[in-house]
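Chemist: I have a structure I would like to understand better, so I am pasting it below and will then ask my questions one at a time.
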Amino acid sequence: MKAFARFIVRRSVAWVVVVVVLGLSAAAALYANRVVQDDDILAFLPRSNPEVDGFYEVSERFGSMDVALVGIETDDVFQSDFLQRLQTLTKRLNETNGIEYALSITSVEDFAEDKAGGKVELDYLVREMPTNDTEREALREKVLSRDHIVGTLVSKDGRGVMLYCFATPGVQPRVTAKKVSDLVNELFPKEKKYWGGAPFISTYIYDVTQNDLKTLAPFACLAIALIVLLSFRDLLGTGLSLLSTLLGIVIPLGIMGFSGVHTNIVLGSMPVILFALGSAYGVHLLTRFYSLAQIRSGTTPLAREEAMRLAIEDVGPSILGSGLTTVFGLLSFVMMDIKPMRTFGIYTALGLTVALVLAMTFIPAVIVISPVRGRVGPTLVWVSDWMARLSVWVQRNRLAVGIATVLVVAGSTVYASRVDSRMDTAAFFDEGSPPDEAFDFMQRDFGGAQFIQIQVEGDMTDPAVLRELQLLGDRISTVEGVSSVQHVASVIAQINEAMGEKVRRIPDTADGVRQLYSLVTGKRIISQTITDDRKFAMMHVKVMPARAVEVEAILREIERITAETLPGDLAVSEIRPGAPSATSDAERRHRAEIVAAHVGALAVQFGTRVESPDKLRAALEMGPPEPAAKVIEDAIVTFMKSDAFDDPIPKTPDHPDGDATHRIAKAVAALGAPPSEEAARKAWRAKVPVAIGGVLEREPSDGDVDNISVTLEQNVPDFWTLSRAKALSDHVVAEGGLAIPEGPRGERLRTFIGHSLLDLDTSRVLLPPSESTGEKVALKPLVTGLPVLYRGLSQSVFNNQWNSLWFALVLVIGLKALLFRSLSTGLLSSIPTLLTLLVMYGGMGLIGVHLDIGTSMLASLIIGAGDDYAVQYLWSWSVPAKASLERAAAAASMENGAGIWTNAIMVAIGFFVLTLGDARPLQNVGGLTAAAMIAAALATFIICPLLARRRHYAPVPAPVEQPEEDPAIDSGTPEGRPG
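Position in the sequence shown counted from 1, then plus 7, gives you this note's numbering.
Laid out in C-alpha cells, this is it:
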C-alpha cells in the first residue's frame, strides 16, 4: 500500500489518471444511452425449476397462457352500439401483430341444432346486432342462458364484459399491454375500464417502480450529497467524492450498453444503490485526508501530496477491505438461478469496484493537481465522542450487554423463523391502484382473474378417459374459491346435446366422440382445451382470491384432488353388449362417484349445493327405483301422438279402456323394462308384437303390427331409461338435500341432473389396476399456470437466499481473514452483520413481510453495505501493552465514529427516500435496508467492544496517540464529569 500511495501522488501520474478516467467516462456515457429496458416479469422465472419448465412446455403445446384481461362496464352490454364497437375491437385485436387471438362475446362460438336436425350448427354467439328492444331482449336471454359464458365473458347482470387477449409467445408484456390499451381506449373512450392479467400487472409494477426511481432518485442523491457536505463542510471535496461515485455509475451502464445487456425492474435501482454505497469510499479517504491536511510541521501545513500519501497508507487497507466485502456481498447474486438477479449482482458489483478504484486513484489524483485542502477543523466530533462513551460502557458492562444481546438474538430467531417465501403480485400495488380495482371488478362480476391449468396426457377419444377428465373437473369445481372449470369433456357434452341427442353428456363410443371432434376441428372454442392429435387436454380453473396465500391453499387442494383422481395407470372395466351383467362393487361405486361429482358440480354452477354428499352417493349406488308402468304408458302415448311416430294405427272398435293408442301403450308398458342380457332382451322383443296384436285383434306377423312393434322396440327402452333417470333424479335431489332454484334456471338444473344420471349405465369405466384386470390406460396430469409458476419462483427465491448468503459469508469472511491475517478476526468482524441480518429478518417476521424477489436482496445489501463498519472499527483497534482495552474501544470509536455514522445515515437516507413512492417493492427494500444500515452501525459499536479481547487486530498496529486523561474513559459521561 505504501508503494501504491507514493506512486499515485506523483503529479504526472495524477494527470494521466484524471485524463484516462474522464475519457473512459465520456465513452461510457455514450453507450449508457443505448441501454434498453426489459419489463417482462416472467424473465425472473428460473428455467431450471421443474414447475417453471413445465409451464413453458405447456405454453409451447397449447399456445400462450400470457393473457391480458380487459373489463368494460356500461349500463347495458346488449345495446347495439356497444356490441358493434366490441365486435370491431375484437376483430382489430385479432388482426394485431403480437396478439395471438382475442376473445369476447362477439367472437365466441356457440352450438345449436340446425333446423334440419341431426347436425350441429356452429356460429358466433352474437352474430347480428339487435335493431330494436325485442331483438335486444331476445339476445340478452340467449346469451345469459349460456352458463359457460356468464361469469366468463359477460356479467350475470349484463352490465360488464370481459375481453381476453392472448399474447403471442415471446412478445414483451409492455408491447402487449400498449397495443391492447390503445385500441380499447380508442373504441371505448368513455366507459369504465379495468386492466388485469400478467401483461398489465407487470407493466404497472415496472412503470410505477421506474417512475418512483426517476422521481425519488434525485432526492436520494441530493440527500446523500447534503450529508457529505455537512460532513466535509467543503463544497469542492463534496463534489469530488460525488463525482467519483457518479463516474462509478456511468461506466458500468456504458458497459451494459456496449454489451447489449437490458436493464430490468431490479437493475433500475442500481444507480441509487451505487450512489449510496459507492460514496462511502471517497468519504472515508477524504475524512482522513482532511484531518492530516491540518497537521503542521512548525508553521507550514503538511503538503497535499504528503497528506494524501499518509491517508492512503493509513486507511487505504481498510477502505480496500471494506470495499471488497461490499463487492463480494453483491457478487453473491451470481449464485441465484434467476438471470436478472445474476445480472444485477454482476453489474452492481462492477459499479462498486469501479467506485472503489476511482476512490483510490481518481480522488487522490484530483487532490494532487488541485488546490483542495479541506476544512479548518474536524466535524461531528460529538458523534465520535458519544460512540466512544458507548463502547467504553459496553466494555465495563459486558455481562449485562451480553445477556441483552442473547435475548435479542433469541427473540429475533423466533420471528425470523416465521418469514416465508412468497411471490404475491397483489402485494406489489396499493389499494385503489388500477390492478387492485381490476381485481375487485373481476372478483365481483367474473369470479376472479387468476387461472390454474391442468394438462392431462391420454387418449382423449376414449369416452372413459373423458369421463375421468370430467370427474376431475367436477371435483375441482366444488373446491372453495374455485369459480369456474373449463375442459374438453364439457365441450364435447355440449356438442352432443346440440347434435339432436338432447342430452348433455359424453357419448358412449369412441366413434361418437371422434364424430363430434370433427365438427369443431380448428375452432378456437376447442383449441385451448385439446391438441390436434387428441393426446393432450387442458383444464382451465379460474380461482377467485387474489392473495397468494389463499391461491396457494387452493392450488394444494387441486393438486391433491388431481393426484387422487388421476393416479397414473388405470385399467379398463367394460361390459360387452349382450354379455351377462356382472357389475362389481368397484364399478358401481365408481359410476356413482362420477355422477355424484357431476351433480355436485352442477349444484355449484347453479348457485346451490349438495348438503348430504354421502347420502347422494348411497342413493346412486342403489340404482334407480323402478318407475310406475303408468309413467311409461304416458311416455308411449306422447310419442305415438308426436310427429316422430309415423306408423299407421289400424282402426278398432270402441273400447271402454280408450282408443288403440292408449291400449297399445298400456299393453307394452305392462311388459316391464327390457332386460340388459341379450337372450332376455330377445324374449322381451318377441312379446311386443304379441301385445300389440292382441290390442288390434291381429296376428303378431301382421304388417301394421310389425311396423308399430319395430318402432316401439327401438324407443321404449329409452322411455324406461329416461323415466328411471327422472325417478332417480327426484330421489337424489331429495337425498342430497339440493335446493332447486325456482323458474327456468331450476328446470335446467333438473334437466342436467337427469342427463348426468345416464352415466350410471355406461359400459366402460376406468378403475385402479388392483380392481380391474382390463387393458391399462395411462393418464398423466400436470398442474401448472401462473400460481404454480409463482410458487416455483418463491421456492427458488428461498433457495437462492440461502445459497447467496452462504456464498457471501464465505467470500467476505475469507477476505477479512486475509486482510487481518486471522480467521478469528474475520469471524469477529462479521458478527455485527450477522446480528443485523437476524434482527432485520426478525422484524420482517414480526410485521409480516414476505421473502420475495425484492426482499431477497436484503441479505446481500446488508453484508455488502454494513459489513465494512466492523472492518474499519477493528482496524483502528490498538492499545499499548499496559493500557486497558477501554482505551482501544475509545480510540477506535473516536477515529471511526463520525465516518461510520456519516456513511450509515447517508446510505439509510438514500434508501429511505425510496419508501416515499408508490412502488411496494421499493418501499419494502428501501425501508428495510435503511433500518439495517442504522442497526449495522449501532451493532458495530456494541458487538465489537463486547467481544474484542485483543490489544490490536490490524496486522501492523498503527501507533496510537492517547491523551493522558480521556474523559470518555475516566468518567463514561460526555462532559467528563462524574455521572
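Every residue, glycine too, gets a C-beta built ideally from N, C-alpha and C.
Could you check the C-alpha separation between Lys185 and Arg99 for me, to the nearest Å?
Modeler: In the sequence shown, counting from the first residue as 1, residue 185 sits at position 178. In the sequence shown, counting from the first residue as 1, residue 99 sits at position 92. Their Cα atoms are separated by approximately 14 Å.
Chemist: Quick one: what's got a C-beta closer than 6 Å to Arg958's C-beta in the same chain, skipping five residues either side?
Modeler: The sequence position of residue 958 within the sequence shown is 951, counting from 1. Hits under 6 Å: Val886.
Chemist: Identify the residues that DSSP records as bridge partners of Gln457: which are they?
Modeler: Here residue 457 refers to the residue found at position 450 when the sequence shown is read from its first residue. In the DSSP output, where bridge partners are listed per residue, Gln457 has Val550.
Chemist: Evaluate contact between the segment 333-351 and the segment 250-257, counting only Cβ atoms and requiring at least three cross-stretch pairs below 8 Å.
Modeler: Result no; under three Cβ-Cβ pairs closer than 8 Å.
Chemist: Using the Cα positions of Gly30 and Leu359, report the straight-line distance between them to the nearest angstrom.
Modeler: As a first step, residue 30 must be located in the sequence shown, where it is residue number 23. As a first step, residue 359 must be located in the sequence shown, where it is residue number 352. For Gly30 and Leu359, the distance between alpha carbons rounds to 19 Å.
Chemist: Report all residues from its chain with a CB closer than 8 Å to the CB of Ser87; omit the five preceding and five following residues, and keep chain order.
Modeler: Translated into the one-based positions of the sequence shown, residue 87 becomes position 80. So the list reads Met136, Pro137, Thr138, Arg143, once near-sequence residues are dropped.
Chemist: Taking its Cβ as the centre, do 16 or more other Cβ atoms sit within 10 Å of Gly917, making it buried, or is it exposed?
Modeler: For the purposes of this step, residue 917 is identified with residue 910 of the sequence shown, where counting begins at 1. The residue in question, Gly917, is buried, as its Cβ has 16 or more Cβ neighbours within 10 Å.
Chemist: Quick one: using the 10 Å Cβ neighbour count with 16 as the cut-off for buried, is Gln477 buried or exposed?
Modeler: Here the question's residue 477 lines up with position 470 in the sequence shown. The residue in question, Gln477, is buried, as its Cβ has 16 or more Cβ neighbours within 10 Å.
Chemist: What does the alpha-carbon distance come out to for the pair Val42 and Thr355?
Modeler: Translated into positions along the sequence shown, residue 42 becomes position 35. Translated into positions along the sequence shown, residue 355 becomes position 348. C-alpha separation (whole angstroms): 15 Å.
Chemist: Is the beta carbon of Ser770 closer than 7 Å to that of Val638?
Modeler: For the purposes of this step, residue 638 is taken as residue 631 along the sequence shown, with counting starting at 1. For the purposes of this step, residue 770 is taken as residue 763 along the sequence shown, with counting starting at 1. No, they are not a contact pair.
Chemist: When you compare the CB positions of Trp657 and Leu703, do they come within less than 7 Å of one another, or not?
Modeler: For the purposes of this step, residue 657 is taken as residue 650 along the sequence shown, with counting starting at 1. For the purposes of this step, residue 703 is taken as residue 696 along the sequence shown, with counting starting at 1. Reading off the sequence, residue 657 comes out as Pro, not Trp. Contact: yes.
Chemist: Cβ atoms of Leu800 and Met430: under 7 Å apart, would you say?
Modeler: Walking along the sequence shown from the start, residue 430 turns up at place 423. Walking along the sequence shown from the start, residue 800 turns up at place 793. Cβ atoms of Met430 and Leu800: closer than 7 Å.
Chemist: Skipping 5 residues on each side, what residues in its chain have a beta carbon closer than 8 Å to that of Ser867?
Modeler: On the sequence shown, residue 867 is found 860 positions in, with the first residue counted as 1. Contacts found: Gly336, Leu337, Ser339, Phe340, Gly352, Ser811, Leu812, Ala815.
Chemist: Compare the C-beta of Pro696 with all C-beta atoms of chain B and state if any pair is closer than 7 Å.
Modeler: Among the chains of the structure shown, chain B does not appear; only one protein chain is present.
Chemist: Measure from the alpha carbon of Leu90 to the alpha carbon of each residue in Ala10, Ile671, Glu102, Thr113, then state which is nearest.
Modeler: Within the sequence shown, residue 90 is the residue found at index 83, counting from 1. Measuring from the Cα of Leu90, the nearest candidate turns out to be Thr113.
Chemist: Label Pro584 either buried or exposed according to how many other C-beta atoms from any shown protein chain fall within 10 Å of its C-beta, with 16 as the threshold for buried.
Modeler: Indexing the sequence shown from 1 puts residue 584 at position 577. At Pro584 the pLDDT is 46, less than 50, meaning the model places this residue with poor confidence; the figure from the coordinates comes in the next sentence. Exposed is the call here.
Chemist: For the pair the segment 822-834 and the segment 396-403, tell me if three or more CB-CB distances fall below 8 Å.
Modeler: Counting Cβ pairs under 8 Å, fewer than three are found: no touch.
Chemist: Starting from Val334, trace the beta strand (DSSP E) both ways and give me its first and last residue.
Modeler: For the purposes of this step, residue 334 is taken as the residue at position 327 of the sequence shown. It is not in any beta strand (DSSP E) - Val334 instead sits in the alpha helix (DSSP H) that spans 311-338.
Chemist: Taking buried to mean at least 16 other C-beta atoms within 10 Å of its own C-beta, is Asp130 buried or exposed?
Modeler: Position 123 of the sequence shown holds residue 130. The residue is exposed, with fewer than 16 neighbouring Cβ atoms inside 10 Å.
Chemist: Since Pro371 and Ile319 should fall inside the 8 Å C-beta cutoff, what is the C-beta to C-beta distance between them, to a whole number of angstroms?
Modeler: Sequence index remark: in the sequence shown, residue 371 carries index 364 (1-based). Sequence index remark: in the sequence shown, residue 319 carries index 312 (1-based). Confirmed, about 6 Å.
Chemist: Does DSSP put Trp393 in a helix, in a strand, or in coil?
Modeler: Position 386 of the sequence shown holds residue 393. Note: Trp393 maps to helix in three-state DSSP.
Chemist: Report the rounded CA-to-CA distance for Gly167 versus Phe453, giving the unit in angstroms.
Modeler: On the sequence shown, residue 167 is found 160 positions in, with the first residue counted as 1. On the sequence shown, residue 453 is found 446 positions in, with the first residue counted as 1. Going from the Cα of Gly167 to the Cα of Phe453 covers about 9 Å.
Chemist: Taking the alpha carbon of Gly519 as the point to measure from, which residue in Gly529, Met467, Ser490 has its own alpha carbon closest?
Modeler: Mapped onto the sequence shown, residue 519 falls at position 512. With distances taken between Cα atoms, Gly519 lies closest to Met467.
Chemist: Less than 7 Å between the beta carbons of Ala642 and Phe726, yes or no?
Modeler: As a working mapping, residue 642 is identified with position 635 in the sequence shown. As a working mapping, residue 726 is identified with position 719 in the sequence shown. In contact: Ala642 and Phe726 (Cβ atoms closer than 7 Å).
Chemist: Distance check for Val23 and Arg17, CA to CA, integer angstroms please.
Modeler: On the sequence shown, residue 17 is found 10 positions in, with the first residue counted as 1. On the sequence shown, residue 23 is found 16 positions in, with the first residue counted as 1. When rounded, the distance between both Cα atoms is 10 Å.
Chemist: Within its chain, find whatever has a CB closer than 6 Å to the CB of Met851; leave out the 5 residues flanking it on each side and keep chain order.
Modeler: Here the question's residue 851 lines up with position 844 in the sequence shown. Cβ neighbours of Met851 beyond the five flanking positions: Val426.
Chemist: Identify which residue in Ala300, Met263, Asn806, Leu793 has its Cα closest to the Cα of Lys549.
Modeler: By 1-based counting over the sequence shown, the position of residue 549 is 542. Considering only alpha carbons, the answer is Leu793.
Chemist: My understanding is that Leu146 touches Val133, with C-beta atoms under 8 Å, so please give their C-beta distance in whole angstroms.
Modeler: For the purposes of this step, residue 146 is taken as residue 139 along the sequence shown, with counting starting at 1. For the purposes of this step, residue 133 is taken as residue 126 along the sequence shown, with counting starting at 1. That pair is a contact at about 7 Å.
Chemist: Please classify Val489: does DSSP put it in a helix, a strand, or coil?
Modeler: The residue you call residue 489 lines up with position 482 of the sequence shown. If DSSP states are grouped into helix, strand and coil, Val489 belongs with the strands.
Chemist: Once DSSP output is grouped into helix, strand and coil, what is the label at Ala10?
Modeler: Here the question's residue 10 lines up with position 3 in the sequence shown. Residue state, collapsed to three classes: helix.
Chemist: With a floor of 4 residues, list each alpha helix (DSSP H) that falls wholly inside the segment 406-466, ordered by position along the chain.
Modeler: Segments of the alpha helix (DSSP H) lying fully in the segment 406-466: 441-453.
Chemist: In chain order, what residues of the same chain have a beta carbon less than 6 Å from the beta carbon of Met72, not counting five sequence neighbours either side?
Modeler: To locate residue 72, count along the sequence shown from 1; it is residue 65. Result list for Met72: Ser66, in chain order.
Chemist: In whole angstroms, what separates the C-alpha of Phe652 from that of Phe646?
Modeler: Indexing the sequence shown from 1 puts residue 652 at position 645. Indexing the sequence shown from 1 puts residue 646 at position 639. Near 7 Å, if we compare the C-alpha coordinates of Phe646 and Phe652.
Chemist: Am I right that Met545 and Gln457 are in contact with their C-beta atoms under 8 Å? What's the rounded C-beta distance?
Modeler: Position 538 of the sequence shown, counted from the first residue, corresponds to residue 545. Position 450 of the sequence shown, counted from the first residue, corresponds to residue 457. About 16 Å separates the two Cβ atoms, so there is no contact after all.
Chemist: Under the three-state reduction of DSSP, which class applies to Thr615: helix, strand or coil?
Modeler: Numbered from its first residue, the sequence shown carries residue 615 at position 608. Residue state, collapsed to three classes: coil.
Chemist: Reducing DSSP to helix, strand and coil, say where Val74 ends up.
Modeler: Within the sequence shown, the letter at position 67 stands for residue 74. Reduced to three states, the DSSP call for Val74 is strand.
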